[in-house]
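What follows is one structure encoded as structure tokens, with my remarks underneath.
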Amino acid sequence: MTLKTYVAQHGRQFGTLVGLLVLCAVMWILTPHFLTISNLLNIAEQTAIIAIIAAGMTFVILTAGIDLSVGSVLAFSGVVMASLLQKGAPVGVALAVGVLAGFGCGTINGLLISVGRLPPFIATLGMMSVARGGSLLFTEGRPISGFSESFRYLATGRVVGVPMPVLVMLTVFFTAWFVLTKTKLGRYTYAIGGNEEATILSGINVRLYKTLIYGICGGLAGLAAILLTARLNSAQPIAGMMYELDAIAATVIGGTSLMGGEGNVFGTLVGALIIGVLRNGLTLLNISSFAQQIIIGLVIIVAVLLDMTLKKGRR
Amino acid sequence: METEPVLQMRNIRKTFPGVIALDDVSFDLRRGEVHILLGENGAGKSTLMKILSGAYERDGGEVLIDGREVEIGNPRRSQSLGIGIIYQELNLVPHLSAAENIYLGREPSRAGLPFLPFIVDRKAMNGSARELLAGLGVNLDVRRPVGELSIAEQQMVEIAKAVSLDARILIMDEPTAVLTEREIRELFARIRRLKADGVSIIYISHRMEELFEIGDRVTVLRDGSVVGTRDIAGATKPELIRMMVNRELTQQFPKVAAPRGKEVLRVEGLNRAGVLTDISFSLCEGEILGVAGLLGSGRTELARAIFGLDRIDSGGIHIKGRLQRIASPRRAINLGLGFLTEDRKTQGLVLPLSVRENICLPSVDAFSRMGVVSRRREAEAAAKYRKDLRIKTTGLEQRVVNLSGGNQQKVVLSKWLVSRGDILIFDEPTRGIDVGSKAEIYELMNKLTAAGAAIIMISSDLPEVLGMSDRILVMHQGRINGEFSAAEATQEKILHRALGDTE
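In order, the protein sequences belong to chains D and P.
Residue numbering for the first sequence follows the numbering used here, starting at -17 and increasing by one per position.
Residue numbering for the second sequence follows the numbering used here, starting at 921 and increasing by one per position.
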């Protein structure tokens, strides 16, 4: 493949990346503090949680689905894990159960969608409410706080200067990239989103794979719950509110089509970073969080508009 | 009839990344003529039409209507210039009535009365829709949802809509592809009526017979260029085919009988409530079994049941001598079955994926180790079939959405060859593809049977069924209503059985 055809085929990724770089340059000009190692690491750290959820969301959206429950599932996983930690369970066990709780919620979503034939929007809207209510009921509405140093190390620790959450994020994205581009699961993810019926006719167990994909999305929300709980030193039943929207935004800004079958996880990482850089930069510029919401909303709209225009031009 | 052209396209050029879709194409349309556009899939007919409809912008050249240069730019502009298009896939809202569809977006209201302009005057709308259809010689209940109408009736609704928009140039993209013989007659009668009213028609079709019946002139496109324009009166079929494909097609159906081997499929007493009744037949190595019948006679349903897509209520399916329960397509594929579906875009292909990924989709398991797919081995397999089947693509990584119909069909075929299917069910294998690709698919069927494969060919194209089958089953209302050997079958006999006669 020549460089030219490569760029033609993957132009969309470069577009998002260029957008991120331009954004960074603008922020750097406006506020020199932006481009310091410590601030950049700070951004990466703050982005990690949304980015990890968005990686799972990318799988789901590639199948032409959606998962509105990830924020609630994060809270549910968080409180389950935190209660185990408080009861003195070994850290490893608590983490595993936390991730499994997320995976379980996601699997239920997947079964409702693939076997129950519910539209993903409805199934996960239901789960969004159920998981949130479950977390509140489980904790009687109170946060669970105070954990061991070894647990908190997951958020505060650094390996050769890189914060743990950033390492986790990079591992997740590398794995997701590998799965999507190199494995059967990845191929089927794209195929299901591109044409579910043709995929069924090709002898692929679409129900199984769809269920698994929603399971993975829930499991990654559980993983994000670990990082959030460790960072806050507290598991809140109201944690992760609206995270689903940030995750969807990151995925869509990253060029994944809501119609399914098109997109990639690298774009999602860049999309999540764009949101992170905007938040960070605007805060450094002393712009109120109210105005920040407006700006982020506009960026989502403009990014997708640009994407659509570019795609149309290529056809 | 020498009159000033209604439409002239001059030196039209359109390129897509890596492809010249149209190169210096000129074409003109006279008042009240039916001008046929002929060409293999991928020759540029659709692109040319999309420029007229405003879906594409041209890169060069000019378009003149009534001698004046126009910019089309978007579909609305095209409409206001008097261009109407009847697409192969009809563009109607199934839940709305015929009248509502015709007047979608410009519903008549009770003007003059205060506060009432927002209320649709249903009576007036239904009345003028009825009138419009009557003008075309069509009589149907304009209040019925179009989803309940036959395809032919839906097509008439589309034509009525175009006429109501004062279309003077009507583009019809393969209008007969989904019609029965009688419906085609009626369509032609209406086309003649439109001609008499001074409407000019651009007619795209692959069916040679039709061109001579309905056309005035024909323009042949090949690889994005005009090969030539002829008066139908002076043109001959071999000449047009030669212009289209640039090679001689010696025989329309190059059937080569293969030696018949062991029985590979036997169906006994298959039932599916309301769909299939007491179906029994067998199929041998090297054999092509044609399945004829009208739309809705249960042909596709039979294929779906054998392929494990639909549950069967009773009956047995024996594959290679063993009774099998086929509960899923996976099982069917593992037993050596392949199913080339009727509609390649909605059932056969994953359009955003590449040629390689589509060809290998049913066989990903075989190319994977511990869940990791070997791209290299996939590419080897895909490259082999790309070469064997002469699939025209810029490469294995090209997305199938950008291929022409014939090449897409070859990709679907390759899927089942890579998965080592040797009992192949072809449902309308040549529908909507050009003569060149057709001949190639027939040749491929010969090659497959020579190599010992068994083929069930479901087709509505009777000459094709007669030309390619060793044996023919005729279905009627979910039953097999007649079986013929190739030697004894005739179009008449098949039609009688398809219509339910038992003699």
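Backbone N, C-alpha and C fix where the C-beta goes; we use that ideal spot for every residue, glycine too.
Have a look at residue i and residue j and give me their C-alpha separation to the nearest angstrom.
i                      : j                      : result
residue 296 (chain D)  : residue 1152 (chain P) : At residue 296 (chain D) the pLDDT is 48, less than 50, meaning the model places this residue with poor confidence; the figure from the coordinates comes in the next sentence. The straight-line gap from Cα to Cα measures roughly 38 Å.
residue 51 (chain D)   : residue 195 (chain D)  : 14 Å
residue 0 (chain D)    : residue 1001 (chain P) : 42 Å
residue 115 (chain D)  : residue 107 (chain D)  : 13 Å
residue 1229 (chain P) : residue 1265 (chain P) : 18 Å
residue 292 (chain D)  : residue 132 (chain D)  : 48 Å
residue 1169 (chain P) : residue 1176 (chain P) : Below a pLDDT of 50, predicted positions are generally treated as unreliable, and residue 1169 (chain P), at 49, falls in that range; the measurement from the model is reported next regardless. Distance between the alpha carbons of residue 1169 (chain P) and residue 1176 (chain P): 16 Å.
residue 1017 (chain P) : residue 1221 (chain P) : 29 Å
residue 277 (chain D)  : residue 268 (chain D)  : 14 Å
residue 1259 (chain P) : residue 973 (chain P)  : 35 Å
residue 1086 (chain P) : residue 983 (chain P)  : 19 Å
residue 1219 (chain P) : residue 1193 (chain P) : 15 Å
residue 191 (chain D)  : residue 1238 (chain P) : 30 Å
residue 99 (chain D)   : residue 89 (chain D)   : 14 Å
residue 183 (chain D)  : residue 169 (chain D)  : 15 Å
residue 1275 (chain P) : residue 1297 (chain P) : 14 Å
residue 273 (chain D)  : residue 282 (chain D)  : 15 Å
Pop quiz: residue i and residue j are said to be a contact at Cβ under 8 Å. What is the actual Cβ separation, rounded to whole angstroms?
i                      : j                      : result
residue 36 (chain D)   : residue 232 (chain D)  : 4 Å
residue 1377 (chain P) : residue 1208 (chain P) : 6 Å
residue 240 (chain D)  : residue 234 (chain D)  : 7 Å
residue 1368 (chain P) : residue 1344 (chain P) : 7 Å
Could you work out which residue in the options is closest to residue i when comparing CA atoms only?
i                      : options                        : result
residue 953 (chain P)  : P:1306, P:1134, P:1282         : P:1134
residue 31 (chain D)   : D:85, D:243, D:221             : D:221
residue 243 (chain D)  : D:41, D:262, D:280             : D:41
residue 960 (chain P)  : P:1366, P:1215, P:1411, P:1323 : P:1323
residue 1144 (chain P) : P:946, P:951, P:1370, P:1300   : P:946
residue 85 (chain D)   : D:54, D:247, D:171             : D:54
residue 138 (chain D)  : D:70, D:214, D:187             : D:214
residue 1055 (chain P) : P:1029, P:1084, P:1075         : P:1084
residue 1040 (chain P) : P:1019, P:1347, P:1161, P:1311 : P:1019
For residue i, does the count of other Cβ atoms within 10 angstroms reach 16, so buried, or fall short, so exposed?
i                      : result
residue 1006 (chain P) : buried
residue 270 (chain D)  : exposed
residue 177 (chain D)  : buried
residue 1015 (chain P) : exposed
residue 1182 (chain P) : exposed
residue 924 (chain P)  : exposed
residue 881 (chain P)  : Since the first and last residues shown for chain P are 921 and 1423, residue 881 (chain P) lies out of range.
residue 1249 (chain P) : buried
residue 1360 (chain P) : buried
residue 1407 (chain P) : exposed
residue 1095 (chain P) : buried
residue 111 (chain D)  : exposed
residue 1200 (chain P) : exposed
residue 1043 (chain P) : exposed
residue 1421 (chain P) : exposed
residue 123 (chain D)  : exposed
residue 1111 (chain P) : buried
residue 1179 (chain P) : exposed
Taking the continuous beta strand (DSSP E) assigned at residue i, which residues delimit it?
i                      : result
residue 1411 (chain P) : Element bounds for residue 1411 (chain P): not the beta strand (DSSP E) but the alpha helix (DSSP H), 1411 to 1418.
residue 1377 (chain P) : 1374 to 1378
residue 931 (chain P)  : 925 to 936
residue 1401 (chain P) : 1399 to 1405
residue 1258 (chain P) : 1257 to 1260
residue 1318 (chain P) : Unbroken run through residue 1318 (chain P): none, as it is neither H nor E.
residue 1151 (chain P) : 1145 to 1151
residue 888 (chain P)  : An answer regarding residue 888 (chain P) cannot be provided, because it is not within the stretch 921 to 1423 covered by chain P.
residue 1395 (chain P) : 1391 to 1396
residue 182 (chain D)  : Residue 182 (chain D) -> not in any beta strand (DSSP E); alpha helix (DSSP H) instead, spanning 178 to 183.
residue 1139 (chain P) : 1137 to 1142
residue 989 (chain P)  : 988 to 990
residue 1191 (chain P) : 1183 to 1192
residue 1239 (chain P) : 1234 to 1239
List the endpoints of the continuous alpha helix (DSSP H) containing residue i.
i                      : result
residue 1298 (chain P) : 1295 to 1308
residue 228 (chain D)  : 225 to 235
residue 1366 (chain P) : 1355 to 1370
residue 197 (chain D)  : 188 to 214
residue 974 (chain P)  : No alpha helix (DSSP H) holds residue 974 (chain P); DSSP gives it neither H nor E.
residue 61 (chain D)   : 52 to 68
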